[in-house]
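Below is one structure, written out as C-alpha cells; comments come after it.
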DNA sequence: CGAAAATTTGACATGACTCAACTGGAGTGG
DNA sequence: CCACTCCAGTTGAGTCATGTCAAATTTTCG
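Chains as they are written, first to last, in this note's numbering: chain A, 1 to 193; chain B, 1 to 193.
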C-alpha cells in the first residue's frame, strides 16, 4: 500500500498524519481476471490506483469494434476521466486483464481531501498535467505514424506488460484490426534477420 | 482583459485583490497573422490565453508533413504543454492564423501564484482536467471514426472559427492530406442535395 | 498586376480492412 | 485425463479508404 505513498512523495512532501489521512480515503480491493470494473452507461465512481495486475480501459463503437484507451499496471492510475470528473454516465469499459489489487478513491473523498490538504490537490494537478502531455503525444503519434511505428512506441510505453497482453488488445490500442496486427508482427519478425 | 477573469470565475471565486494579482501576472501582447509564437527547439516559456484572433499549435514529422494539435480562439488557451510544464525545448510550433491579442503567463509566475492563491491552482487543475477529457475524446474519435465523421466532430468543436481556417490546416488537424480533404468536402457538398 | 500559395482534379498506388477458412491452445465437464 | 468447445491467432483473396504524384485552376496578397 505504500506504493501509493511512494508515488505521491515523488511530487509533494506529506507528514505522517497526512499520509494516514490519504490512505484512509482509499479502499483496497481485489479483482480477478475478466471482471468488469466499469461498463458503458455507469458512472465511474472511483479513481483507481493499481497496486498489482493489469487493467484495460476501452470503449466500443457502433460497429462493435473495441478501442483501447490505456492499460494500467502497478503504479498507474485508471478511470474514465470524463465520467469520474463529471460524475455522469460514461461510455467506456474497464476490465481486468490479469488478477489485480487496487486502491479506489471516490471523487467526493478526493475533493474533500483537496480542501483539507492543498498539497494533494497539487499532486493531482501534476498527475493530470502529465497525463495530458502523454495523451497529446499519443494523439500526435496516431496522426503522424503508420501502425508499425505506433507499435514500437507502444512497446516503449509498456515495457513491463507488453508480453502479458493479448494481441487483440494491443491491436485495439494501436487502432488496427487483430488480423492486420498479426500480419504486421509476422512481417516484423521476418525482417529481423 | 476581463475575459480572462470571466473565464476563471466560472470555476472559482476571486476577490478584487486576487483578480488584480492574477492580471498583474500576465503580459498583454499583440500578434499579427503568420507570426510564430513558438518554434521547434525552443522552450515554451508562456501559457497563452487568447483574447481575440486565432492561433494554431502543430508539429512537423520526418516527411515534413504538418499535424495540427489544436486551434485556439477567443477564450481558449494555447501552449506546448510538454515544453511549458517541463521548461525544456519542445518539438512543436505555434503560429498566428488571424491577428491576435493574447495574455501570456510564464510558468514561474504561474507557480508563484499557485503558492499564494490556492484557488488559482484549483482553477488550473480544473482547466487541465477538462483538456485531458477533450484530448481523450479526440484520441478515441481518431481511433474509431473515418475522416468524414472526424470532420463533423471538428465542425462541432470549432463552430466559431470553422470558416476562418485554411483547408490545409483543417486537413492536418483531421490527419488527412489536403488533397483528400478537398475531395471529401466536394463529396459532402454533392451529397447535401 | 504578378508571384506565391491554396485548392481542385485525375490517375494510380498502397496500407489497412473485411470476410472466410483454418489452426492451435486454454479451460471445462464428464 | 480425455474430449469438446471456444477463443485467439494466422493466413489468403479481394476491397476500400486514403495517399502520392502531377497538372490545372483559383485565391491571396504584396
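Glycine included, C-beta positions come from ideal geometry on N, C-alpha and C.
{"Item": "If you scan the segment 78 to 128 of chain A from start to end, which runs of the beta strand (DSSP E) of 3 or more residues do you find wholly inside it?", "Value": "92 to 106"}
{"Item": "Check each residue of the segment 94 to 105 of chain A: if its Cβ is closer than 8 Å to any Cβ of chain B, include it; give the result in chain order.", "Value": "none"}
{"Item": "Need the endpoints of the beta strand (DSSP E) that residue 40 of chain B sits in, please.", "Value": "Neither: residue 40 of chain B is in no beta strand (DSSP E) and is coded neither H nor E."}
{"Item": "So, at 7 Å on beta carbons, what are the nonlocal neighbours of residue 84 of chain B in its own chain, with the 5 sequence-adjacent residues on each side left out?", "Value": "44, 47, 107"}
{"Item": "Under 8 Å between C-beta atoms, does residue 24 of chain B make it to chain A?", "Value": "no"}
{"Item": "Could you give the distance in angstroms between the alpha-carbon of residue 69 of chain B and the alpha-carbon of residue 169 of chain B?", "Value": "10 Å"}
{"Item": "Between the Cα of residue 228 of chain B and the Cα atoms of B/58, B/127, B/138, B/99, which residue gives the shortest distance?", "Value": "Only positions 1 to 193 of chain B appear in this structure, which leaves residue 228 of chain B out of reach."}
{"Item": "Could you tell me which of B/161, B/160, B/151, B/156 sits nearest to residue 178 of chain B, measuring between CA atoms?", "Value": "B/151"}
{"Item": "Would you mind working out which of A/88, A/100, A/62, A/118 sits nearest residue 21 of chain A, comparing C-alpha positions?", "Value": "A/118"}
{"Item": "Does the distance from the C-beta atom of residue 121 of chain B to that of residue 125 of chain A stay below 8 Å?", "Value": "yes"}
{"Item": "Are the CB atoms of residue 147 of chain A and residue 174 of chain A within a distance shorter than 8 Å?", "Value": "yes"}
{"Item": "My assumption, with CB atoms under 8 Å, is that residue 103 of chain A sits in contact with residue 4 of chain A. Please give the rounded CB distance.", "Value": "6 Å"}
{"Item": "According to the neighbour-count rule (16 or more other Cβ atoms, all chains shown, within 10 Å of its Cβ), is residue 164 of chain A buried or exposed?", "Value": "exposed"}
{"Item": "Tell me whether residue 30 of chain A is buried or exposed, calling it buried when 16 or more other Cβ atoms sit within 10 Å of its Cβ.", "Value": "exposed"}
{"Item": "For a contact defined as C-beta to C-beta under 7 Å, what are the partners of residue 67 of chain A on chain B?", "Value": "140, 143, 144"}
{"Item": "What is the DSSP secondary structure of residue 164 of chain B, reduced to helix, strand or coil?", "Value": "coil"}
{"Item": "Within the continuous alpha helix (DSSP H) that includes residue 151 of chain A, where are the two ends?", "Value": "147 to 157"}
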